[in-house]
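The structure appears below as structure tokens.
Below, the structure is given as structure tokens:
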């Protein structure tokens, strides 16, 4: 019952600054956190969900910590015999409570603290040591600090707000004190959210400690991707400026030779066939160049490149990509090939009659969504190319979320951290 009530309460909280186009949280990379919310303007911070999330999280700390503390206290005062047996029984009951109720509650409550981190910490039957360490630290060592921060932040504002209700307070003094309390109530959101951000950092440090070797592997992989991307662009440039231009000249010369040949002669027929083969080869080369690295992506950016690839799709595609600034080349390339692969899958496997591509940049996060009305049933692990796409996105710290129930629709969401204003 308690879980349902808390779940309903959490569901009623607005998500922190949801994007207007893509109302989705990508769980595999940092999107928003409490500390970054503090760096925004006061109006934007105070109207976001983070003050409410902080209030809910700190309020729940008193509930969880009080429950853990109540078990031994009730036994000791009820039996009035704090001997070794009673203390042992109280300790065992406390451990059982922490394992059966405290662990799911704390990991569920982690969604308020850090949605990304909560998505990466599944509740397992076998308790992981790091999960146990986090739960014990949170429920037995930090809950009283949470309550202290809550009382410190809200105590004075609430006391001042209640001034007009005091029987011995003058009317004007009570009103001025209430106004001051209201102003302090807005200010109180800052220490609560700051402490919540510190708690999130501590949770991340306990559950996912930094691994220098892993970090070096990630950086090395990123350097390799940059090198491969530069090589792809060089190959595209060489094919575009070299082989393609020679094929164009060959097509023109064959066309001119065909005009000079006697009509209906064997030579005219051979020239006609050769000209057709040259035209087909030129078309295939252009498709190959577009697949290696489309020139429109380099020259005009992501939105134009997506519009271009959508125009070549066998399924009608509605494009609404609100990306006007140039992004880093690796980001644009990863997003473009994600959309290209998604549209290829739509044409080959979905049986869809229409498709849509939407995208935007919000808070240094590139969000792209591809939706089709096909039969659904897409699975990353079933050889549809989605696993390779997810791996490619992971190199640029991106994420891929696929929702494809049987019967459709299929929704593919891509999120990539980015910085606007640079194309290098």
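Residue numbers (our numbering): 30 to 453.
Glycine included, every Cβ here is placed at the ideal spot set by N, Cα and C.
Near residue 385, what residues of its chain come up, given a Cβ to Cβ distance below 6 Å and the 5 sequence neighbours on each side ignored?
Looking up residue 385 in the chain shown gives position 356. So the list reads 347 and 400, once near-sequence residues are dropped.
By a C-beta neighbour count over all protein chains shown, 10 Å radius and 16 as the cutoff for buried, is residue 133 buried or exposed?
Here residue 133 refers to the residue found at position 104 of the chain shown. Exposed: under 16 other Cβ atoms inside 10 Å.
Just curious, the alpha helix (DSSP H) that residue 343 is in, first and last residue?
Mapped onto the chain shown, residue 343 falls at position 314. Residue 343 -> no alpha helix (DSSP H), and no H or E assigned at all.
Taking Cβ to Cβ, would you say residue 224 is nearer than 9 Å to residue 379?
Position 195 of the chain shown, counted from the first residue, corresponds to residue 224. Position 350 of the chain shown, counted from the first residue, corresponds to residue 379. For residue 224 and residue 379, no; Cβs fall outside 9 Å.
Evaluate the contact criterion for the stretch 324-340 versus the stretch 351-358: three or more CB pairs, one atom per stretch, below 8 Å.
With the cut-off at 8 Å, the stretch 324-340 and the stretch 351-358 touch.
If you compare alpha carbons, which of 441, 436 and 278 is closest to residue 388?
The residue labelled residue 388 in the question sits at position 359 within the chain shown. Among 441, 436 and 278, the Cα nearest to that of residue 388 belongs to 441.
Smallest Cα separation from residue 370: which of 390, 335, 274 and 382?
Your numbering for residue 370 matches position 341 in the chain shown. Of 390, 335, 274 and 382, the residue nearest in Cα terms is 335.
Do you know offhand how far residue 287's Cα is from residue 359's?
Counting from 1 along the chain shown, the entry for residue 287 is found at position 258. Counting from 1 along the chain shown, the entry for residue 359 is found at position 330. For residue 287 and residue 359, the distance between alpha carbons rounds to 45 Å.
Just list the residues that DSSP pairs residue 387 with in beta bridges.
By one-based count along the chain shown, residue 387 stands at place 358. 349 and 398.
Nearest to residue 227 by CA position, among 191, 345, 86 and 272, is which residue?
What you label residue 227 is simply residue 198 of the chain shown in a count that begins at 1. Answer by Cα proximity: 86.
Please check the pair residue 454 and residue 393, which I expect to be a contact at CB under 8 Å, by giving their CB distance rounded to whole angstroms.
The structure shown does not extend to residue 454, since the chain is modelled only from 30 to 453, so the question has no answer here.
Buried or exposed for residue 365, please, with buried defined as at least 16 other CB atoms from any protein chain shown within 10 angstroms of its CB.
Within the chain shown, residue 365 is the residue found at index 336, counting from 1. It counts as buried.
To the nearest angstrom, how far is it from the Cα of residue 398 to the Cα of residue 376?
Position 369 of the chain shown, counting from 1, holds the residue named residue 398. Position 347 of the chain shown, counting from 1, holds the residue named residue 376. Those two C-alpha atoms are separated by around 16 Å.
Check whether the Cβ atoms of residue 405 and residue 368 lie closer than 9 Å to each other.
Within the chain shown, the letter at position 376 stands for residue 405. Within the chain shown, the letter at position 339 stands for residue 368. Against a cut-off of 9 Å, the Cβ pair of residue 368 and residue 405 comes out as no contact.
Using a Cβ-Cβ cutoff of less than 7 Å, which residues in the same chain neighbour residue 337 once the five nearest sequence positions on both sides are dropped?
The count along the chain shown starts at 1 and reaches residue 337 at position 308. For residue 337, where only same-chain residues beyond five positions count, the Cβ hits under 7 Å are 323 and 325.
Specify, as a first and last residue, the run of the alpha helix (DSSP H) that residue 442 falls within.
The count along the chain shown starts at 1 and reaches residue 442 at position 413. No alpha helix (DSSP H) holds residue 442; the beta strand (DSSP E) holding it covers 439-446.
Does DSSP put residue 217 in a helix, a strand or coil?
As a working note, residue 217 is residue 188 in the chain shown. In the structure shown, residue 217 sits in coil (DSSP, three-state: anything other than H, G, I, E or B).
Name the residue from 190, 66 and 383 whose alpha carbon lies nearest to the alpha carbon of residue 221.
Taking the first residue of the chain shown as position 1, residue 221 is located at position 192. Residue 221 has its Cα closest to that of 66, out of 190, 66 and 383.
Between residue 78 and residue 142, how many whole angstroms is the CB-CB distance? I'm expecting something under 8 Å.
Numbered from 1 along the chain shown, position 49 holds the residue referred to as residue 78. Numbered from 1 along the chain shown, position 113 holds the residue referred to as residue 142. No, residue 78 and residue 142 are not in contact; Cβ-Cβ is about 13 Å, not under 8 Å.
Looking only at C-alpha atoms, which of 417, 138, 362 and 312 sits nearest to residue 274?
Along the chain shown, read from residue 1 onward, the residue named residue 274 stands at position 245. Looking at the Cα atoms, 312 is the closest of the given residues.
Restricting to Cα atoms, I'd like to know which of 310, 373 and 207 is closest to residue 340.
Counting from one through the chain shown, the residue named residue 340 turns up at place 311. Among 310, 373 and 207, the Cα nearest to that of residue 340 belongs to 373.
Assuming residue 428 is part of the beta strand (DSSP E), what are its boundary residues?
For this step, residue 428 is matched to residue 399 along the chain shown. Note, residue 428: beta strand (DSSP E), 428-432.
For the candidate residues 233, 178 and 196, whose alpha-carbon lies nearest to that of residue 136?
Translated into positions along the chain shown, residue 136 becomes position 107. When each option's Cα is compared against that of residue 136, the closest is 233.
Figure out for me which residue from 396, 403, 443 and 395 has the closest Cα to the Cα of residue 418.
Counting from 1 along the chain shown, the entry for residue 418 is found at position 389. Per the Cα distances, 443.
Looking at C-alpha atoms only, which residue of 414, 344, 219 and 181 is the closest neighbour of residue 402?
Residue 402 sits at position 373 when you count from the first residue of the chain shown. Nearest of 414, 344, 219 and 181 to residue 402, Cα basis: 344.
Going by alpha carbons, who is nearest to residue 171 out of 88, 278 and 290?
Position 142 of the chain shown holds residue 171. Measuring from the Cα of residue 171, the nearest candidate turns out to be 88.
By how many angstroms is the C-alpha of residue 195 removed from the C-alpha of residue 206?
Taking the first residue of the chain shown as 1, we reach residue 206 at position 177. Taking the first residue of the chain shown as 1, we reach residue 195 at position 166. Taking the straight line from one Cα to the other gives about 11 Å.
Helix, strand or coil for residue 408? Go by DSSP, reduced to three states.
Residue mapping note: residue 408 aligns to position 379 of the chain shown, counting from 1. It is coil, neither helix nor strand.
Since residue 195 is in the alpha helix (DSSP H), which residue starts that stretch and which ends it?
For the purposes of this step, residue 195 is taken as the residue at position 166 of the chain shown. Run containing residue 195: none; DSSP gives neither H nor E here.
Could you compute how far the alpha carbon of residue 421 sits from the alpha carbon of residue 63?
Within the chain shown, numbered from 1, the residue matching residue 421 stands at position 392. Within the chain shown, numbered from 1, the residue matching residue 63 stands at position 34. Between residue 421 and residue 63, the C-alpha separation is close to 29 Å.
Thinking just about the alpha-carbon of each residue, which of 282, 68 and 76 is nearest to the one in residue 305?
If you number the chain shown from 1, residue 305 lands on position 276. The option with the nearest alpha carbon to residue 305 is 282.
Classify residue 62 as helix, strand or coil using the three-state DSSP reduction.
On the chain shown, position 33 is the one that residue 62 refers to. Reduced to three states, the DSSP call for residue 62 is coil.
Below 8 Å on the Cβ atoms is my contact criterion, and I expect residue 213 with residue 185 to pass it. Report the Cβ-Cβ distance as a whole number of Å.
Locating residue 213 in the chain shown gives position 184, where the first residue counts as 1. Locating residue 185 in the chain shown gives position 156, where the first residue counts as 1. Going by Cβ atoms, the distance from residue 213 to residue 185 rounds to 6 Å, so yes, they are a contact pair.
Whole angstroms is fine: what's the gap from residue 271's alpha carbon to residue 289's?
Working through the chain shown from its first residue, we reach residue 271 at position 242. Working through the chain shown from its first residue, we reach residue 289 at position 260. Residue 271 and residue 289: Cα-Cα distance of roughly 27 Å.
Would you kindly work out how many angstroms separate the C-alpha atoms of residue 180 and residue 231, rounded to a whole number?
On the chain shown, position 151 is the one that residue 180 refers to. On the chain shown, position 202 is the one that residue 231 refers to. One C-alpha to the other measures close to 21 Å.
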